[in-house]
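Here the numbering used here is used: position 227 in the sequence shown is 1248, and no number is missing along the way. The C-beta atom is built at its ideal place from N, Cα and C for all residues, glycine as well. Okay, structure first, notes after.
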Amino acid sequence: MHEQQTAEKRRVGEKAAELVEDGMIVGLGTGSTAYWFIKKLAERVAGGLRITGVATSVRTAELAESLGIRVVDVNEVGEVDLTVDGADEIDDHFNAIKGGGGALLREKIVASISRRMVVIVDSTKRVERLGRFPLPVEMVPFGYKHTLRKLEQAGCAPRLREKDGAPFVTDGGHYIVDLHLGRIDDPERLAGSIGNMPGVVEHGLFIGLVTDVLIAEDGEVRMMKRA
Ligand code: 5RP
């Protein structure tokens, strides 16, 4: 990864930790940007901040707990006050592609019960139109070759994600296919058609979920709020 990109991820991640207030239930995102948020948040917790974390992946839960953040099962909370998570792409309508790290299902569930969802991104993630980043889709292993074929027939150019020569398996025991779409003209329509396919568990289009974006641009961190 480019040095500047890493520095930007760190800057937005650490800045986001300032948004957390005492007593909050906090959704903890997944990925290399969320990592910096969790690290900084842990420092604040060590300094006396009391919060409860809800993790969006096993590796985030492990990281947070190893740093002294209390993490509870998502079923133990009614709602989440604030979730901070990264994204693979974000457009000016606050629509995002997520799931590059394979955690999209849990990320979306946590986002959907969050009063506020802040996406933290470096400057490379902001796009005019979504779709250059391959859209992750999580699917059940049963019949996955048929689901893949349906996606192929729909013109979605799917590629099964692999790790060490075998299908990549998510925390939920599912597979991921990445759709090489190039550009997405109508995210809502695409979300509807993919979401209705048998075998598909969830897709990485986050529409209407993101409330704020913290972005590192021109050496500064900018906060953008959805109208
Ligand atoms: C994981 C995600 C991540 O938030 C997304 O991939 C961005 O990751 P990073 O902060 O490492 O660039 O959706 O499923």
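| query | result |
| --- | --- |
| Can you tell me whether H1023 is buried or exposed, with buried defined as 16 or more other CB within 10 angstroms of its CB? | exposed |
| Expressed to the nearest angstrom, what Euclidean distance is found between the alpha-carbon atoms of V1142 and M1244? | 11 Å |
| Can you tell me whether E1209 is helix, strand or coil according to DSSP? | helix |
| Measure how close the beta-carbons of V1092 and A1082 come, nearest whole angstrom, since I'm counting them as under 8 Å. | 5 Å |
| Determine whether the beta carbon atoms of R1136 and L1103 lie at a separation below 9 Å. | yes |
| Residues in the same chain with beta-carbon distance under 7 Å from A1076, minus the five sequence neighbours each way, listed in chain order, please. | L1049, A1082, A1085, V1092 |
| Flag this pair as yes or no: are the beta carbons of P1179 and V1198 separated by less than 9 Å? | yes |
| Once the 5 residues before and after H1195 are set aside, which same chain residues still bring their CB inside 8 Å of it? | L1126, E1159, M1160, V1161, P1162, V1222 |
| Terminal residues of the continuous beta strand (DSSP E) containing G1068? | G1068 -> no beta strand (DSSP E), and no H or E assigned at all. |
| With respect to the beta strand (DSSP E) encompassing H1224, which residues constitute its N-terminal and C-terminal limits? | 1221-1224 |
| In terms of residues, what are the limits of the alpha helix (DSSP H) holding I1130? | 1125-1133 |
| With V1047 as the anchor, note down where its beta strand (DSSP E) starts and where it stops. | 1046-1049 |
| Given the structure, does K1171 come close to the ligand 5RP, in the sense that its CB is under 8 Å from one of the ligand's heavy atoms? | no |
| Going by C-alpha to C-alpha distance, which of K1246, R1247, I1090 sits closest to G1044? | I1090 |
| Run the proximity test for D1109: is its beta-carbon closer than 8 Å to any non-hydrogen atom belonging to the ligand 5RP? | yes |
| Taking only the alpha-carbon atoms, compute the straight-line gap between R1065 and T1051 and give it to the nearest angstrom. | 19 Å |
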